[in-house]
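Converting from the sequence shown to the numbering used here requires adding 1177 to each position, the first position being numbered 1.
Structure record follows, encoded as structure tokens.
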Amino acid sequence: MSSLPPRRAQLLLRRPDDWHLHLRDGAALRAVLPFTAARFARAIVMPNLAPPVTSTALALAYRERILGALPAGMRFQPLMTLYLTDHTNAAEIERAHASGAIYGCKLYPAGATTHSDAGVTDVAHLAPALETMMRLDLPLLVHGEASDARVDVFEREAHFIEHILAPLVERYPRLRVVLEHVSSTAGVQFVCAARPGVAATITPQHLMLNRNALFSGGLRPHHYCLPVLKGERDRRSIVEVVAGGNPRFFLGTDSAPHARHSKESACGCAGIFSAHAAIELYAELFEAEGILSRLPAFASEFGPDFYRLARNSEQITLVKEAWSVPSAYAFGEAELVPLRAGETISWRLASEPA
Ligand code: NCD
Ligand code: ZN
Ligand code: ZN
């Protein structure tokens, strides 16, 4: 009888990129960056720091801090973004484009999500910026939720699309637009039917979880993010569009770390941390849905194609081997509770080429 361990299934994947990521700054940045750099070659880095990254100068300085936080021997390319405000002018967009380091500009409706207070109160204020972005082919990245507190929290994506995003996409017919972290049937349908140049990112949580996960056995703050998880019908719409291999939909984790004490609070922050196992979580979901063959393009091809960047040439290896996610990671002086804390994930990243 052979005593060799059973052969594990393996998945060789072109190294993926994360097209929507929060890296924060300082000690938090140093804590989370290695997780992303171990898996992804590049990431679109969100600009919602406090204060926000509203100028090219701030974006370039942030880029240096990210590169400075990268552990020796790791490679990673941060693709920077600019935070749009009511006052972003055409000259700032020109500078952003000329820098060669900025790959998109982010629209946060004021008050819609974490650190969006300096966001846009009325997209009419953005006309000079959007015209310049369209001319220079710099994509607009959108947190697509209505910020009006009277709108039902589960309807905010649909409401924003109908009243703001759909008209904007037609008003700027050559502007490339990404509806970030699409969370609803309405969002999926909008992107499928939109003119060319409109795409969406998809997070692991919006693929895997519905809003029951917010209340399973009690209030679950670590499943709270924005856009908030929707119903099962919405989740199925997201799974099905990915199953169909639509190239407008690609990987963006929206990994958004917050200290445990700011999540487990009377007014907890929105954001789910998934960078510790991002590609593994997608692999698990795709396998469970019987669509593992769709993972390579979703994770490693559609994103660079949309952003008009070369696909990565390196590979990573995933091994079908369950591992236990720690209950928390160090996060500067605080702790960070990851998605699936204390549970298992059925795929792991091979640290060595397998
Ligand atoms: C993000 C964060 O914490 O920065 N939170 C979230 O719930 N997704 C902000 C965002 O992407 O909207
Ligand atoms: Zn957002
Ligand atoms: Zn985000």
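Where a beta carbon is used, it is the ideal one built from N, C-alpha and C, also for glycine.
Consider the C-beta atom of residue i and the heavy atoms of ligand 2; say whether any pair is separated by less than 8 Å.
i, result
"L1403", "yes"
"Y1260", "no"
"Y1285", "yes"
Applying the 10 Å Cβ sphere with the 16-neighbour rule, what's the burial state of residue i?
i, result
"C1446", "buried"
"R1517", "buried"
"Q1382", "buried"
"A1301", "exposed"
"R1219", "buried"
"T1521", "exposed"
"M1251", "exposed"
"P1183", "exposed"
"P1373", "exposed"
"A1531", "Below a pLDDT of 50, predicted positions are generally treated as unreliable, and A1531, at 39, falls in that range; the measurement from the model is reported next regardless. Burial call: exposed."
"D1329", "exposed"
"R1327", "exposed"
"C1402", "buried"
"A1238", "exposed"
"F1463", "buried"
"G1394", "exposed"
"H1336", "buried"
In the DSSP assignment, the beta strand (DSSP E) including residue i goes from what residue to what residue?
i, result
"L1188", "Q1187 to R1191"
"S1276", "No beta strand (DSSP E) holds S1276; the alpha helix (DSSP H) holding it covers A1267 to S1276."
"P1255", "Q1254 to Y1260"
"E1131", "The structure shown does not extend to residue 1131, since the chain spans only 1178 to 1531, so no value can be given for it."
"L1428", "F1426 to L1428"
"E1498", "Q1492 to S1501"
"I1522", "T1521 to L1526"
"G1545", "Missing from the structure shown is residue 1545; the chain here goes from 1178 to 1531 and no further."
"H1197", "D1195 to L1198"
"L1317", "L1317 to V1319"
"A1507", "Y1506 to F1508"
Less than 9 Å between the C-beta atoms of residue i and residue j, yes or no?
i, j, result
"L1386", "H1400", "yes"
"S1285", "H1292", "Residue identity differs from the one stated: residue 1285 is Tyr in this sequence, not Ser. Contact flag set, yes."
"F1253", "A1278", "no"
"W1196", "F1483", "yes"
"L1356", "G1408", "no"
"T1258", "K1283", "yes"
"L1198", "M1223", "yes"
"L1256", "I1221", "yes"
"F1188", "L1472", "In the sequence under discussion, the amino acid at residue 1188 is Leu, which differs from the Phe named in the question. Contact flag set, yes."
"R1410", "A1377", "no"
"T1433", "G1448", "Note that residue 1433 is Ala in the sequence shown, not Thr. Their beta carbons are under 9 Å apart, which means A1433 touches G1448 by this criterion."
"L1317", "Y1349", "yes"
"E1269", "A1306", "yes"
Any beta carbon of chain C sitting closer than 9 Å to that of residue i?
i, result
"P1305", "The structure shown contains no chain C, having only a single protein chain."
Mind checking whether the beta-carbon of residue i lies closer than 8 Å to any heavy atom of ligand 1?
i, result
"A1433", "yes"
"Y1239", "no"
"N1225", "yes"
"C1369", "no"
"G1448", "yes"
"A1377", "no"
Shorter than 8 Å, the distance from the beta carbon of residue i to the closest heavy atom of ligand 3, or not?
i, result
"E1269", "no"
"E1322", "no"
"E1357", "yes"
"H1453", "no"
"T1265", "no"
"H1199", "yes"
"T1290", "yes"
Could you pull the start and end residues of the alpha helix (DSSP H) that residue i belongs to?
i, result
"H1336", "R1333 to F1337"
"E1457", "A1455 to A1465"
"R1372", "Looking at the DSSP string, R1372 is not in any alpha helix (DSSP H), and its letter there is neither H nor E."
"D1431", "Careful: D1431 lies outside any alpha helix (DSSP H) and carries neither H nor E."
"F1475", "L1472 to S1477"
"L1235", "T1233 to A1246"
"D1411", "E1409 to A1420"
"L1346", "Residue identity check: residue 1346 is Val in the sequence provided, not Leu. Segment A1343 to R1348, the alpha helix (DSSP H) holding V1346."
Return yes when the C-beta of residue i is under 8 Å from any heavy atom of ligand 5, and no when it is not.
i, result
"R1372", "Ligands displayed in this structure: ligand 1, ligand 2 and ligand 3; ligand 5 is not among them."
(message) Under 8 Å, with one C-beta from each stretch per pair, do the stretch 1202-1217 and the stretch 1496-1512 reach the 3-pair mark?
(response) Segment contact: the stretch 1202-1217 against the stretch 1496-1512, three or more CB-CB distances shorter than 8 Å; contact assigned.
(message) Assess contact between the stretch 1289-1303 and the stretch 1254-1273, defined as three or more Cβ pairs (one per stretch) separated by less than 8 Å. Is contact present?
(response) Taking 8 Å as the limit for Cβ pairs, the verdict is that the stretch 1254-1273 does touch the stretch 1289-1303.
(message) Tell me whether the stretch 1220-1231 and the stretch 1184-1193 touch, counting them as touching only if at least three CB pairs, one residue from each stretch, are closer than 8 Å.
(response) With the cut-off at 8 Å, the stretch 1220-1231 and the stretch 1184-1193 do not touch.
(message) Does the contact criterion of 3 or more C-beta pairs under 8 Å hold for the stretch 1357-1368 versus the stretch 1409-1417?
(response) By the criterion of at least three beta-carbon pairs nearer than 8 Å, the stretch 1357-1368 is in contact with the stretch 1409-1417.
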